[in-house]
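Here's the structure we're looking at; comments come further down.
In the numbering used here, the protein residues as written are 38 to 491.
As structure tokens, then:
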């Protein structure tokens, strides 16, 4: 039995290449057993610190919103993988709870390892403020790195890290500020307004004990520490990164995958089929960290426009991700227009809408988009008033060159055979189901029972 991380990488490689012994159906390890289980380096499970306990209270408290009816948990439900608890494309908010956001709320789960936003192969090790526009301008001359599930990502100059669909927050603490003050979300009119809610008797004692008696006289610092408490809750509470999926159990040799799930894992990792693992990394890291199923980079996929989004009633409105309209600091960097963060696929089953604009409502629709966008675009995009196919219709025509046409399966041409069969798609969806937390592994036989069985 191999307990090293290197074996996990070897296993994934074998599943991709099919080099290992396989059945007539081409399934690697048809019995569903992981022959090279690993020991995962999981986050510690321990009691919450006093600061995190305060953050937990704040997370579920709707009285901290302008309406008095919206908490962090209203859009990020623990029972739904910290996704929204409903099937709405965008969530209601505002003082009267009658305003709608511009994008679907992303999950708050599995963000504990998210790095600050950067452009380049690595974040700067120095505490020097980086001018992102200067870096982006210099990176614009670099050829776009092509991604493949069977190769390590090249050290290309790419946008990566950050929180939200556009990476505009560099930390969980900073991320909490945006919805607290957004007039379409929790709708506090100012930090002073939010601070007044935080010095009520329910919280005053905890804040003074944790941060000193003078904090109640400093609204900015009070709110900053409240956001810090929310961040600590998300970092310390295991439910935000439980790693209790069937796939995690399989990696550790504690579960077997069904034939469909095994085929799905193979197609997920196969650069000639799904090529999903090129962006949704499925391998254990070199130091034993379980995969997050995202490379935390940004892609312009050309997802079709969602006519049901309120903002899209304006035909001239375009959500361009990294270069606006919500994010403001990269508006001049047109090479990044239309790019959005690659989200984790963990607990994706518990989402009701997919992509930054909520264009799709089922995983089958998502897979059809990847499979057919390049080869049968008429099945993905509508036609305009002149009957012409409205290709990449959620990006202005002058910026459509940013759309990814190099990474498989987007590298095929109109009329080519789709990369995936219907069975491949069904199998990949079956595999994605194994990424939901809450799986209970079957009891493991004792050494005595195992010896007896042998």
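Backbone N, C-alpha and C define an ideal beta-carbon position, used for all residues, glycine too. Note that the structure is predicted; figures quoted are calculated from it, not measured.
| So what's residue 316 in DSSP terms, helix, strand or just coil? | In this structure, DSSP gives residue 316 a state outside helix and strand, which the three-state scheme calls coil.
| said: Once DSSP output is grouped into helix, strand and coil, what is the label at residue 335? | reply: Residue 335: strand per DSSP, three-state reduction.
| Supposed close pair residue 333, residue 152 - CB separation, criterion 8 Å | Correct: roughly 7 Å between the Cβ atoms.
| In angstroms, rounded to a whole number, what distance separates the CA positions of residue 385 and residue 473? | For residue 385 and residue 473, the gap between their C-alpha atoms comes out near 7 Å.
| query | Is it buried or exposed for residue 102, if we count other Cβ within 10 angstroms and need 16 for buried? | reply | The residue in question, residue 102, is buried, as its Cβ has 16 or more Cβ neighbours within 10 Å.
| request: Determine, using beta carbons only, whether residue 306 and residue 314 come nearer to each other than 9 Å. | output: Yes, they are a contact pair.
| message | Do residue 269 and residue 202 have their beta-carbon atoms positioned less than 9 Å apart in this structure? | response | Between residue 202 and residue 269, the C-beta spacing is not below 9 Å.
| query | With a CB to CB cut of under 7 Å and the five nearest residues on each side skipped, what residues in its chain are close to residue 368? | reply | Excluding residues within five positions, the ones whose Cβ falls inside 7 Å are 360, 361.
| query | Between the C-alpha atoms of residue 235 and residue 196, what's the straight-line distance to the nearest angstrom? | reply | Straight-line Cα distance between these residues: approximately 36 Å.
| said: Just to confirm the assignment, what range does the alpha helix (DSSP H) spanning residue 245 have? | reply: Looking at the DSSP string, the run of the alpha helix (DSSP H) that includes residue 245 is 238-248.
| residue 481 vs residue 350 beta-carbon contact at 9 Å | Against a cut-off of 9 Å, the Cβ pair of residue 350 and residue 481 comes out as no contact.
| query | So residue 461 and residue 239 are in contact, right, with Cβ under 8 Å, and what is the actual spacing, rounded? | reply | Not confirmed; about 54 Å, so no contact.
| Beta bridge counterpart(s) of residue 374 as assigned by DSSP | DSSP output for residue 374 lists 358 as bridge partner(s).
| From 320, 95, 78, 378, residue whose alpha carbon lies closest to that of residue 262 | Looking at the Cα atoms, 95 is the closest of the given residues.
| field | Proximity to residue 469 [Cα-Cα], best of 276, 406, 377, 317 | value | Comparing alpha-carbon positions, the option among 276, 406, 377, 317 lying closest to residue 469 turns out to be 317.
| Looking at the structure shown, is residue 258 part of a helix, part of a strand, or coil, going by DSSP? | Secondary structure at residue 258: helix, using DSSP grouped into helix, strand and coil.
| message | Quick check: the Cα distance between residue 401 and residue 463, rounded to an integer number of angstroms? | response | Answer to the nearest angstrom: the Cα atoms are 8 Å apart.
| request: Apply the 10 Å Cβ neighbour rule to residue 392 and answer buried if 16 or more other Cβ atoms are within range, or exposed otherwise. | output: By the neighbour-count rule (16 or more Cβ atoms within 10 Å), residue 392 is buried.
| request: Confirm, please, whether the CB-CB distance from residue 335 to residue 378 is below 9 Å. | output: Yes, these two residues count as a Cβ contact at 9 Å.
| message | Quick check for students: name the residue ranges of the alpha helix (DSSP H) that lie wholly in the segment 74-122, counting only runs of 4 or more. | response | Runs of the alpha helix (DSSP H) inside the segment 74-122: 87-96, 109-112.
| said: Between residue 460 and the ligand MG, is there a pair consisting of the residue's CB and a ligand heavy atom that are separated by less than 8 Å? | reply: As for the ligand MG, it is missing from this structure, which has no ligand bound.
| query | DSSP state of residue 342, grouped into three classes? | reply | Three-state result, residue 342: coil.
| Nearest candidate by alpha-carbon position, reference residue 125, set 282, 215, 133, 111 | Measuring from the Cα of residue 125, the nearest candidate turns out to be 111.
| query | Pairing CB atoms from the segment 429-449 with CB atoms from the segment 270-280, are three or more of them under 8 Å? | reply | Two segments are said to touch when three or more pairs of C-beta atoms, one from each, lie closer than 8 Å; by this definition the segment 429-449 does not touch the segment 270-280.
| said: Can you tell me whether residue 166 is buried or exposed? The criterion is at least 16 other CB atoms within 10 Å of its CB, across all chains shown. | reply: Any reading at residue 166 needs caution, since the residue's pLDDT is 45, under 50, leaving its predicted position unreliable; the model's value is listed next. Under this definition residue 166 is an exposed residue.
| said: For residue 156, list the residues DSSP reports as bridge partners. | reply: Per DSSP, the beta bridge partners of residue 156 are 196.
| How would you label residue 249, buried or exposed, when you count the other beta carbons within 10 angstroms and need 16 or more for buried? | Exposed.
| field | Alpha carbon of residue 280 to alpha carbon of residue 78, nearest angstrom | value | It is roughly 10 Å from the alpha-carbon of residue 280 to the alpha-carbon of residue 78.
| said: Suppose you measure from the CA of residue 388 to the CA of residue 466; what does that come to, to the nearest Å? | reply: Going from the Cα of residue 388 to the Cα of residue 466 covers about 14 Å.
| field | Assigned secondary structure, residue 61 (DSSP; H/G/I helix, E/B strand, else coil) | value | Note that residue 61 scores a pLDDT of 33, beneath 50, so its modelled location is shaky; the value from the coordinates is reported in the next line. In the structure shown, residue 61 sits in coil (DSSP, three-state: anything other than H, G, I, E or B).
| task | Decide yes or no for the touch test of the segment 322-329 against the segment 403-414: beta carbon pairs closer than 8 Å, at least 3 of them. | result | Verdict: no, contact absent.
| query | Can you tell me the Cα-Cα spacing of residue 475 and residue 100, whole angstroms? | reply | A straight-line Cα-Cα distance of about 30 Å links residue 475 and residue 100.
| Since residue 129 sits in a beta bridge, which residues does DSSP pair it with? | Paired residues: 137.
| task | Check whether the Cβ atoms of residue 394 and residue 342 lie closer than 9 Å to each other. | result | Yes.
| message | I'd like the span of the alpha helix (DSSP H) that includes residue 481, first residue to last. | response | No alpha helix (DSSP H) holds residue 481; DSSP gives it neither H nor E.
| said: Residues in the same chain with beta-carbon distance under 8 Å from residue 229, minus the five sequence neighbours each way, listed in chain order, please. | reply: 256, listed in sequence order.
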